[in-house]
Amino acid sequence: MVIGIPMLWMGLFFLIPFAVVLKISFSEAIFASPPYTSIVEYISDESRLSISLNLGNYQYLWEDELYWRAYVNSLTIAFFSTLMCLLIGFPVALFIARSSPRWRPLLHLLIIIPFWSSLLIRVYSWMGLLRKDGIINSVLGYVGLVQDPQSMLQTSFAVYIGMVYTYLPFMILPLYSVLERQDASLREAATDLGSPPLRVFRKVTLPLSVNGIIAGSMLVFIPTIGEFVIPSLLGASDNLMIGRVLWDEFFANRDWPVASAVAIVLLAVLLIPIMIFQNSQNKSMEG
Amino acid sequence: MRDTTDKEPLLQIRGISKAFGSVMAVDNIDLDIREGEVFSLLGGSGSGKSTLLRMLAGFETPTSGQILLDGKDLADLPPHKRPVNMMFQSYALFPHMTVEKNVAYGLVEDRIPKSEIRDRVSEILDTVQMSEFAKRKPDQLSGGQRQRVALARSLVKMPRLLLLDEPLGALDKRLRESTQFELQRIQEKIGITFIIVTHDQEEAMSLSDRLAVMNQGRLMQIGSPTDVYENPHSRFVADFLGSCNVLDAEVTGESGSETRLRLLASGAETVLPYALDHPAGDKIQLVLRPEKLIVARREIDPGSSGTILKAEIAEIGYLGHRSILHLQMDDGTLFHAHEVSLNRRNRSPLQAGDKVNVTWDGSDVAVVSA
Amino acid sequence: MQRNLFLKTCFFLGVAFLYIPILVLITFSFNASDKVNVWAGFSLRWYRSLLDDPQILEAAQNSFVIAIVSATLATVLAMIASVVIVRFGPFRGRTLFTGMMSAPLIMPEVITGISLLLLFVAMQQLIGWPANRGFTTVVLAHATFCTAFAAVVLQARLRSLDSSLEEAAADLGSTPLRAFFKVTLPMMGPAMTSAWLLSFTLSLDDLVIASFTTGPNSTTLPMLIFSKVRLGVSPDVNALATLIIVGIGFAVTLSVAAARGPRENQE
Numbered sequence: 006m007v008i009g010i011p012m013l014w015m016g017l018f019f020l021i022p023f024a025v026v027l028k029i030s031f032s033e034a035i036f037a038s039p040p041y042t043s044i045v046e047y048i049s050d051e052s053r054l055s056i057s058l059n060l061g062n063y064q065y066l067w068e069d070e071l072y073w074r075a076y077v078n079s080l081t082i083a084f085f086s087t088l089m090c091l092l093i094g095f096p097v098a099l100f101i102a103r104s105s106p107r108w109r110p111l112l113h114l115l116i117i118i119p120f121w122s123s124l125l126i127r128v129y130s131w132m133g134l135l136r137k138d139g140i141i142n143s144v145l146g147y148v149g150l151v152q153d154p155q156s157m158l159q160t161s162f163a164v165y166i167g168m169v170y171t172y173l174p175f176m177i178l179p180l181y182s183v184l185e186r187q188d189a190s191l192r193e194a195a196t197d198l199g200s201p202p203l204r205v206f207r208k209v210t211l212p213l214s215v216n217g218i219i220a221g222s223m224l225v226f227i228p229t230i231g232e233f234v235i236p237s238l239l240g241a242s243d244n245l246m247i248g249r250v251l252w253d254e255f256f257a258n259r260d261w262p263v264a265s266a267v268a269i270v271l272l273a274v275l276l277i278p279i280m281i282f283q284n285s286q287n288k289s290m291e292g
Numbered sequence: 002m003r004d005t006t007d008k009e010p011l012l013q014i015r016g017i018s019k020a021f022g023s024v025m026a027v028d029n030i031d032l033d034i035r036e037g038e039v040f041s042l043l044g045g046s047g048s049g050k051s052t053l054l055r056m057l058a059g060f061e062t063p064t065s066g067q068i069l070l071d072g073k074d075l076a077d078l079p080p081h082k083r084p085v086n087m088m089f090q091s092y093a094l095f096p097h098m099t100v101e102k103n104v105a106y107g108l109v110e111d112r113i114p115k116s117e118i119r120d121r122v123s124e125i126l127d128t129v130q131m132s133e134f135a136k137r138k139p140d141q142l143s144g145g146q147r148q149r150v151a152l153a154r155s156l157v158k159m160p161r162l163l164l165l166d167e168p169l170g171a172l173d174k175r176l177r178e179s180t181q182f183e184l185q186r187i188q189e190k191i192g193i194t195f196i197i198v199t200h201d202q203e204e205a206m207s208l209s210d211r212l213a214v215m216n217q218g219r220l221m222q223i224g225s226p227t228d229v230y231e232n233p234h235s236r237f238v239a240d241f242l243g244s245c246n247v248l249d250a251e252v253t254g255e256s257g258s259e260t261r262l263r264l265l266a267s268g269a270e271t272v273l274p275y276a277l278d279h280p281a282g283d284k285i286q287l288v289l290r291p292e293k294l295i296v297a298r299r300e301i302d303p304g305s306s307g308t309i310l311k312a313e314i315a316e317i318g319y320l321g322h323r324s325i326l327h328l329q330m331d332d333g334t335l336f337h338a339h340e341v342s343l344n345r346r347n348r349s350p351l352q353a354g355d356k357v358n359v360t361w362d363g364s365d366v367a368v369v370s371a
Numbered sequence: 002m003q004r005n006l007f008l009k010t011c012f013f014l015g016v017a018f019l020y021i022p023i024l025v026l027i028t029f030s031f032n033a034s035d036k037v038n039v040w041a042g043f044s045l046r047w048y049r050s051l052l053d054d055p056q057i058l059e060a061a062q063n064s065f066v067i068a069i070v071s072a073t074l075a076t077v078l079a080m081i082a083s084v085v086i087v088r089f090g091p092f093r094g095r096t097l098f099t100g101m102m103s104a105p106l107i108m109p110e111v112i113t114g115i116s117l118l119l120l121f122v123a124m125q126q127l128i129g130w131p132a133n134r135g136f137t138t139v140v141l142a143h144a145t146f147c148t149a150f151a152a153v154v155l156q157a158r159l160r161s162l163d164s165s166l167e168e169a170a171a172d173l174g175s176t177p178l179r180a181f182f183k184v185t186l187p188m189m190g191p192a193m194t195s196a197w198l199l200s201f202t203l204s205l206d207d208l209v210i211a212s213f214t215t216g217p218n219s220t221t222l223p224m225l226i227f228s229k230v231r232l233g234v235s236p237d238v239n240a241l242a243t244l245i246i247v248g249i250g251f252a253v254t255l256s257v258a259a260a261r262g263p264r265e266n267q268e
């Protein structure tokens, strides 16, 4: 009996909500509480159920360039952020995995702390650094690199910094757990059979890290696409990401049906990456 | 045993040491390995045998000393350029590659033409009888099969020297014996020099032409298996190569090619049929292997040692092919002796509680310094 | 050697990148000046001003209560779920269940947020509960996504636990349930602490999901910080942020120590 509780809970609060979102994405916005029409109506004088699926919200998304741009923009930013996290994160994870067992827990902890720390505060900390009179400009000005300091806030650069900064630990941790488990004698065997160090990396270390690379990349890529806080605090208002569009649609415009449609399309976009992630998780559980 | 003594040493190890912090893992070792021989480094964990092996492969850098292969110093050769291959204890088979790819790995790294690689891989897989598994991944193989693939992978490059780290260690007992012979067959066929690291004395003795016993980074004794077993130079070597009875004794005199001794526990006299360079009054230890003891209930003739000790059988451990007798000697010490199970219908085998006489042959006694 | 140097450089640059912004923020929270870029001496004035701000105190209290309740709920749920996933063999719907447990880990928060809100609204229309949004709805939402994270920690520990211990208990006469409570659960203690602390910090941190699911009277700390931060950098937010960072750093260290401790004893 007890074992059913988490299933019921997750079903109720995680699975069913998607159905509700899907349902509301087919309704129309009205000025009421809640601000949407019901798609199922019982018309009493004709004694029949009327189901009206309103595809208008999706048509709206399709036709308005703003949404297109936001989706494409989110995908682009997520892709390059993931790539940067991978390029920075791999050597960091490799260093921790190859350091002596005495130091490893401490170095690992250095990555875990930011992983747990408040995302909001971590993003906020960059606002002070990137502003026109912020620390970075002060330092650059002092060195003489910059004469006429400009605010780096509200630029794509700031968004990338924020993304990589926030999600780097999400890349490092799965990479580390894969690299740490790798048997050192495999690398020695490759060396013994004639591979110089870089080829050992390419032919043994890298192929054996594929699961970590996939898990880390998905852990960065998926949340980055829907990220709201970073683009709102660091990004420009004309360079929208889809998370912020959804937020504004919901809170500013109070157009719940369109916001729901935005969420459903986003979910559809994420379906394949999520399945890749689940698959890599299952594999790493088995192996 | 092949006679390899007249050949030039293939590998010369000269005063090699390795320190980890303040610990001397390997302490000033000199060793020559001859071409074509099977040599075992035998020792417990922490004896430095693996460190020595890893220095030969190039995974550890010696703190001091030289390693010469074919007369050339290996110091400046990184591991991937040494004509030395290793078979790892864990086998270290690449899990993302098939058996075939694993075996071909070293040849691919040597830029050998594809057609030649194909031929050599199939030939070596044939030798280790793994041809039908060429397309499998390592995790689809049994322990014994993995061992063969690992062997094939390290042999296919035809190294000057093959290092084997506990080659049979991961196999169960039954598989071990058949694999032992298999390994010997392959070595004889290919003729590559083997250096085997092992903690298992039976493995070392049955596989090798010569072996060295290591302890605390030092070589305790080098020699043929029989030599080291029958004539241990130290108590440690005697203990390490099987069980033994150790008797404290004092030299009482020498006459020609005989040495007379008094056993300290019982006060009995005993004779060794050879001269010792110990003056009278020296304390020494005698090592007697359990299988050399003659045990009987009846009166027996003393062996050439001239000694008969009285004892009572405290316990008998039956092992099938033989029994181990625990003997409570009248002088208070404990002996172990072996009794071979010769006759199934033996109506009156030795039993616990029997009073027995114990003797041995003087030439079966080894002497170590006390 | 060269390669080690390369990795070492990457590591230290990476760690510097992760820590410098936070260290700058912490430093400037002790700044006497209200200019956020000029150092004018050490002062605790921003910390004092936090204590005088009833809005902040109320939001902090809300956040703490929500975090404690939802972390507890999440740990219990995740514990049961982990036992089901790790110890029970294949059952119908297992794939769906494990998928459901791990999907919230990566689901963008905006999606989780909007879907939970719409669920609560729909439930209110259908069965009249939850009557209004606020404390209860945020707790339900947080417990849901924290369960996924807590389950990762607990599953890892449960997998490493020797199941023969439970079998030994059964062999000595315990019913499966008693074996679980007398053997497994005590050994899971450190991991449960770790899972609870992780859930606690996640709930304390969350802005997006709370914003969607809360009502007018339950503003949480991150929501308050976000509304302040939108207007720009301010020194009292620096002070508040410092307190949160220090608190979380402490909780993480504690949790890692809790998760590691028994494993080292085993060795």
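Those protein sequence lines, which keep their order, are chains H, U and F.
The numbers in this note's numbering rise by one with no breaks, and the one at position 117 of the first sequence is 122.
The numbers in this note's numbering rise by one with no breaks, and the one at position 304 of the second sequence is 305.
The numbers in this note's numbering rise by one with no breaks, and the one at position 78 of the third sequence is 79.
Heads up, the beta-carbon is just placed ideally off N, CA and C, and yes, glycines get one too.
Environment of residue i [buried if 16+ CB atoms lie within 10 Å]
i, result
"F/Q156", "buried"
"U/P79", "exposed"
"F/E110", "buried"
"H/H113", "buried"
"H/L92", "exposed"
"F/L6", "exposed"
"F/F201", "buried"
"F/M108", "buried"
"U/W361", "buried"
"F/E265", "Residue confidence is low: F/E265 scores 44 on pLDDT, short of 50, so the model does not pin down where it sits. Its coordinate-derived value is still stated next. Exposed, because fewer than 16 other Cβ atoms sit within 10 Å of the Cβ of F/E265."
"H/W261", "buried"
"F/Q267", "For F/Q267, the pLDDT reaches just 38, beneath the cut-off of 50, and the residue's location in the model is therefore unreliable, although a value from the coordinates is still provided. Under this definition F/Q267 is an exposed residue."
Opening and closing residue of the beta strand (DSSP E) in which residue i lies
i, result
"U/N358", "K356 to T360"
"U/P10", "P10 to F21"
"U/K311", "L310 to Y319"
"U/R211", "R211 to N216"
"U/I68", "S65 to L70"
"U/S41", "V39 to G44"
"U/T271", "E270 to L273"
Terminal residues of the alpha helix (DSSP H) in which residue i lies
i, result
"U/D166", "No alpha helix (DSSP H) holds U/D166; the beta strand (DSSP E) holding it covers L162 to D166."
"U/K115", "K115 to T128"
"H/T160", "Segment: none, H/T160 is in no alpha helix (DSSP H) and carries neither H nor E."
"F/D80", "In the sequence on display, residue 80 of chain F carries Met and not Asp. Element bounds for F/M80: P55 to R88."
"H/N142", "I140 to V148"
"U/Q329", "Element bounds for U/Q329: not the alpha helix (DSSP H) but the beta strand (DSSP E), R323 to M330."
"U/V368", "Looking at the DSSP string, U/V368 is not in any alpha helix (DSSP H); the run it does join, the beta strand (DSSP E), is A367 to S370."
"H/V215", "V215 to I230"
Spatially closest choice to residue i from the options, by CA coordinates
i, options, result
"U/A312", "U/T99, U/Y319 and U/E300", "U/E300"
"U/K82", "U/A93, U/G363 and U/K158", "U/K158"
"H/D243", "H/L191, H/V164 and H/L58", "H/V164"
"F/R88", "F/P55, F/N239 and F/S165", "F/S165"
"U/L152", "U/L75, U/I197 and U/G354", "U/I197"
Identified DSSP bridge partners for residue i
i, result
"F/F181", "For F/F181, which the question treats as bridged, DSSP gives no partner whatsoever."
"F/R134", "DSSP, once it has assigned bridges, lists no residue as partnering F/R134."
"U/A250", "U/L264 and U/I285"
"U/A338", "U/L326"
"U/V85", "U/L162"
Q. Which ranges does the beta strand (DSSP E) cover as unbroken runs of at least 3 residues, wholly within the stretch 88 to 120 of chain H, from first to last along the chain?
A. none
Q.
Please give the ranges of any alpha helix (DSSP H) in the stretch 184 to 244 of chain F, keeping only runs that are unbroken, at least 4 residues long and fully inside the region.
A. 186 to 206, 209 to 214 and 222 to 230
Q: Go through the stretch 191 to 240 of chain U residue by residue and report every complete run of the alpha helix (DSSP H) that reaches 4 residues or more, in order.
A: 202 to 208 and 226 to 231
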